[in-house]
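If you read the sequence shown in this note's numbering, its first letter stands for residue 1343, the second for the next number, and so on.
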Amino acid sequence: MSDSSQTWSASGYERNARFVSDLGAGVYDWLAPQAGERILDLGCGDGALTQRIADAGAKVTGVDASPDFIEAAIARGLDARLMDGHELTLDAEFDAVFSNAALHWMTRPRDVLAGVARALKPGGRFVAEFGGHGNVAAIVTGMRAMARIHGGDAALADPWYFPTPGEYTQVLQSCGFTVDEIALIPRPTPLPTGIAGWLETFRAPFFAQYGDGKRAEVLRGLEDLLRPALCDTAGQWTADYVRLRVHAKLNS
Ligand code: BEZ
C-alpha cells in the first residue's frame, strides 16, 4: 500500500482490519492461481492472501511500500520486497499480477499500470479489487464536515483513488490492457472495533492535524455524526464499502 502520510502497523492492522484480507476471497477466486505460475501480489500488506496464493502452488512475490508489512510477510516465509507500487521495477516475469485492497492508496493509476504491464508476460492477467466510486462516502463526508466545523485540511479526509468502472476501463485500455470483466460491488462491512478502530487504522493523518488537545473532540463529534447512518441499535458499526473488481489481460 502507498500513501506518503499514511503509516502502517502490522499489529494495528491485525486488530482493526483483518477483515480486509478475509474479504479478498472473491477476487482470489477470480485470480484462480495455478500451481507453478509466477504471480505478483501488488500491495501485499502482511501477506495473508499472498500466503493463500503460495499455498495453491504458485510462485508468488509480494511487494508493498510499508516496511512493517514487508517484515510481517517475510516472517511468514514469503518472498516479499519493499517497493512503491507507482515505481515497479519488475520485467516480464509474471503470469499474473494480483492486488487486493491496495490500489486505492495509489493515486497515479497510469504509473501503477505501466509498471504492471512491464511486470507481466505478454497476455498475462491483471486481477484486482479495491475501493470503487462511492466507497466510504458517508465516512469521508463526515470527516469533511468536521474539517469545516473545526478548521483543518479537508483534503486529508480523502486521499484515495476510487474510480468508476468506466473511468478505470479507459485507464486500463490506454495502458495496453483488454478488460474481460469489471464490476462495482456494494459491500457493507461490519467493523470489529467500531468506527474509531477503522479511523485509527485508515485515516490517522486526518486526526493528527488537530493535535492531542482537540483530536478526541473531533473524533467524538464524527462518531456522533455517523452513528445514525452506520451504527445499528445493537451498537454494531458497518462501513459503507464499495469495491471495484477487475479481470483484464495485457495485450500481446
Ligand atoms: C481498505 O483498505 O479496505 C480501505 C482503505 C481506505 C478506504 C476504504 C477502504
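Note that beta-carbon positions come from the ideal geometry of N, C-alpha and C, so glycine has one too.
A residue is called buried when at least 16 other Cβ atoms come within 10 angstroms of its Cβ; T1349 does not meet this threshold and is exposed. Per DSSP, the unbroken beta strand (DSSP E) holding E1471 starts and ends at 1462-1473.
Residue state for S1363 is assigned as helix, using DSSP reduced to three classes. By the CB criterion at 7 Å, T1392 and G1378 fall outside the cutoff. Inter-residue distance for G1555 and A1496 is about 19 Å (C-alpha atoms, whole angstroms). For A1398, the closest of A1407, L1373, P1464, W1540 by C-alpha to C-alpha distance is L1373.
Between the ligand BEZ and the CB of A1443, the shortest heavy atom gap is smaller than 6 Å.
Listed in chain order, the beta strand (DSSP E) elements of length 3 or more contained wholly in the stretch 1366-1429 are 1380-1384, 1401-1406, 1421-1424. About 6 Å separates the beta carbons of F1548 and A1499, which is inside the 8 Å limit, making them a contact pair.
For E1523, the enclosing beta strand (DSSP E) begins and ends at 1519-1532.
Membership of D1554 in the alpha helix (DSSP H) is indicated by the continuous run 1553-1572. Relative to the ligand BEZ, V1478 has its C-beta within less than 6 Å of a heavy atom. Listed in chain order, the non-local C-beta contacts of C1573 below 6 Å within the same chain comprise W1579, local neighbours out to five positions each way being set aside. Remark: C-beta atoms of A1525 and R1587 approach each other more closely than 7 Å.
For A1590, the uninterrupted beta strand (DSSP E) segment begins and ends at 1580-1592. Not one heavy atom of the ligand BEZ is found less than 6 Å from the C-beta of F1411.
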